[in-house]
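Residue numbers (UniProt numbering): 1 to 590. Report on the structure given below.
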């Protein structure tokens, strides 16, 4: 092919949903040129995803969107109450309650937010546009894809209908489960979706989104609840009955459902009260089959699958794992693509091994996320009365023990931070506590400013593929640490810069840090965080442990990857030297 005919970039991303947009934004942070092709003209306003877990919140924080999370993107979901029975009384005693207002998950964030996906995508696109190395091209449809040992070659049709040609080192399909990348390109090469047999799930669900306008005494003067003293705002606090039909003809049933919303249990009324029809606008009402599936491989040569292109999740609100898993894919892929583009743009063997280790890592976490999602789903889909009764009694009994009840309230966070099991090629050292998801806590700068530790660790040397921080019990050790860091800079050949390594301290005395060029961060309390602007419009920290980072990493010197996983944590200098040598060998592998 004549190279002069082709526009060139490092990474070409097909699809600008949440996963593709996030991947582009993180590649931009790492100064890797990328182009995103999106077939739609504008952001889809259909409110598809609604839940995002604390990992997803943390990843948004990493791309600079924390200030928008609780103001524009979403709000905390709070407590989740699981109730039993087939009636429609949503106020009955739950058999299990999970409290996701707490910060017990090790990320410094609440467990879940309920988000508006169009707002989420808008903020992600703003992050793309803010980067000089990112380019978003809307109304651009991929029509052909080829590749050789060094490049992928894509032909796409732009908004004017003109065909354009662009080549990239890697092509990432973030275009969903029915998109071009997998369905039209990779399936014929042996890539296919398969059921996750260990955690089988396959059910029919209904995507149902309503826009409800509150009736008022002025526009609905005959509405019966006004006579009982109800205000328009109080109507949503009254239990709604939503009659369900058989799944024979879902499309027709749900198109008329708005006529059947009633309040059957309002006292002192002779019959049901129907919600005013003109106050309900159906945005979306569609049956669909949703199963737990994952592709056999997520990368083939230079073409990669990410997000829903690679796996699909059941749609349980308490799971919230669809978008969050796509986010994890994108962040863990971004730094590997950056490494391959910088160090190994043409080495087919290296990029095969790097991408294979990426999706094998991600599949480990995917299986855990699927298990948690389907476990929660079983709470709300159990159709056998005897099984439901046995379940209710089981949870009632174990909650008689306070410690067990607290564990249940933690939900999926009771299992602690995610840890990968090492196999050949995975970039971490298991003997040095590598493979563990790094906890995040709150810290205070020497001027009193409250910060997230991620914002200090990962912005200290933006664009780096490995970061390092030091964790100390007190500041007396800082001068000794400075000598070690100078050696680290030499050993790492400048990959880690001594003055850019932040130092996190449990106890700080200011006189001991004079003339220290490093960022010094003291652990902050929940009260410190609650009084800071970071806590605006979110709950104050509950069950927060400021020492979790020290307890989990179990080392003074910690090397971490951009995807918030520990590469190695060391107490001894000899172990640190070994870790640095292995880190360099990974970056420069031959």
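Quick reminder that beta carbons are idealized off the backbone N, C-alpha and C, glycines included. As the structure is a prediction and not an experimental result, all values here were calculated from the model.
Does the beta-carbon distance from residue i to residue j come in below 8 Å?
i, j, result
"residue 465", "residue 358", "no"
"residue 166", "residue 7", "yes"
"residue 575", "residue 366", "no"
"residue 152", "residue 305", "no"
"residue 331", "residue 26", "yes"
"residue 77", "residue 411", "no"
"residue 207", "residue 138", "no"
"residue 379", "residue 192", "no"
"residue 37", "residue 142", "yes"
"residue 423", "residue 355", "no"
"residue 524", "residue 442", "yes"
"residue 489", "residue 497", "yes"
"residue 34", "residue 133", "yes"
"residue 291", "residue 312", "yes"
"residue 560", "residue 386", "no"
"residue 478", "residue 535", "no"
Go through its chain and collect everything with a Cβ distance to residue i's Cβ below 8 Å, but skip five positions before and after it.
i, result
"residue 58", "107, 108, 109, 440, 454 and 564"
"residue 43", "118, 121, 122 and 125"
"residue 395", "95, 96 and 408"
Using C-beta distances below 6 Å, list every residue in its chain close to residue i, excluding the 5 sequence neighbours before and after it, in chain order.
i, result
"residue 388", "84 and 382"
"residue 169", "10, 341 and 345"
"residue 45", "118"
"residue 189", "300"
"residue 30", "338 and 463"
"residue 255", "Note that residue 255 has pLDDT 45, beneath the 50 cutoff, so the model's placement of it is unreliable and the number below is only indicative. Result list for residue 255: empty, nothing under 6 Å."
"residue 214", "232"
"residue 131", "28"
"residue 573", "none"
"residue 112", "51, 53, 77, 100 and 320"
"residue 145", "154 and 185"
"residue 310", "295 and 298"
"residue 150", "346"
"residue 414", "407"
Which residue or residues does DSSP assign as beta-bridge partners of residue i?
i, result
"residue 471", "504"
"residue 34", "11 and 134"
"residue 582", "Looking at the DSSP assignment, residue 582 forms no beta bridge with any residue, so it has no partner."
"residue 193", "295"
"residue 98", "80"
"residue 152", "147 and 168"
Report the rounded CA-to-CA distance for residue i versus residue j, giving the unit in angstroms.
i, j, result
"residue 248", "residue 451", "Summary for residue 248: the model assigns pLDDT 43, below 50, so the residue's position carries little reliability, and this model does not support an answer."
"residue 75", "residue 60", "14 Å"
"residue 303", "residue 584", "26 Å"
"residue 549", "residue 89", "43 Å"
"residue 351", "residue 587", "11 Å"
"residue 147", "residue 79", "49 Å"
"residue 17", "residue 120", "10 Å"
"residue 537", "residue 526", "15 Å"
"residue 173", "residue 327", "14 Å"
"residue 296", "residue 194", "7 Å"
"residue 529", "residue 403", "27 Å"
"residue 251", "residue 178", "Only weak support exists for where residue 251 lies, its pLDDT of 43 falling under 50; the value from the coordinates is given anyway. Each residue's alpha carbon lies about 21 Å from the other."
"residue 579", "residue 363", "25 Å"
"residue 447", "residue 500", "18 Å"
"residue 217", "residue 505", "60 Å"
"residue 398", "residue 558", "39 Å"
"residue 275", "residue 204", "27 Å"
"residue 294", "residue 323", "15 Å"
"residue 176", "residue 186", "13 Å"
"residue 53", "residue 485", "36 Å"
"residue 234", "residue 219", "17 Å"
"residue 163", "residue 48", "31 Å"
"residue 468", "residue 502", "8 Å"
"residue 280", "residue 430", "55 Å"
"residue 157", "residue 283", "30 Å"
"residue 569", "residue 391", "42 Å"
Please report the Cβ distance between residue i and residue j, rounded to the nearest whole angstrom; I am assuming they are in contact, meaning their Cβ atoms lie under 8 Å.
i, j, result
"residue 68", "residue 123", "5 Å"
"residue 473", "residue 512", "Not really, about 13 Å apart at Cβ, beyond 8 Å."
"residue 521", "residue 481", "So it is not a contact: roughly 13 Å between Cβ atoms."
"residue 369", "residue 321", "4 Å"
"residue 459", "residue 436", "Contact doesn't hold; Cβ gap of about 21 Å is too wide."
"residue 543", "residue 104", "4 Å"
Go through its chain and collect everything with a Cβ distance to residue i's Cβ below 7 Å, but skip five positions before and after it.
i, result
"residue 94", "81, 82 and 83"
"residue 23", "13, 172, 174, 306, 330, 333 and 334"
"residue 510", "446"
"residue 409", "97, 98 and 99"
"residue 5", "165"
"residue 71", "537"
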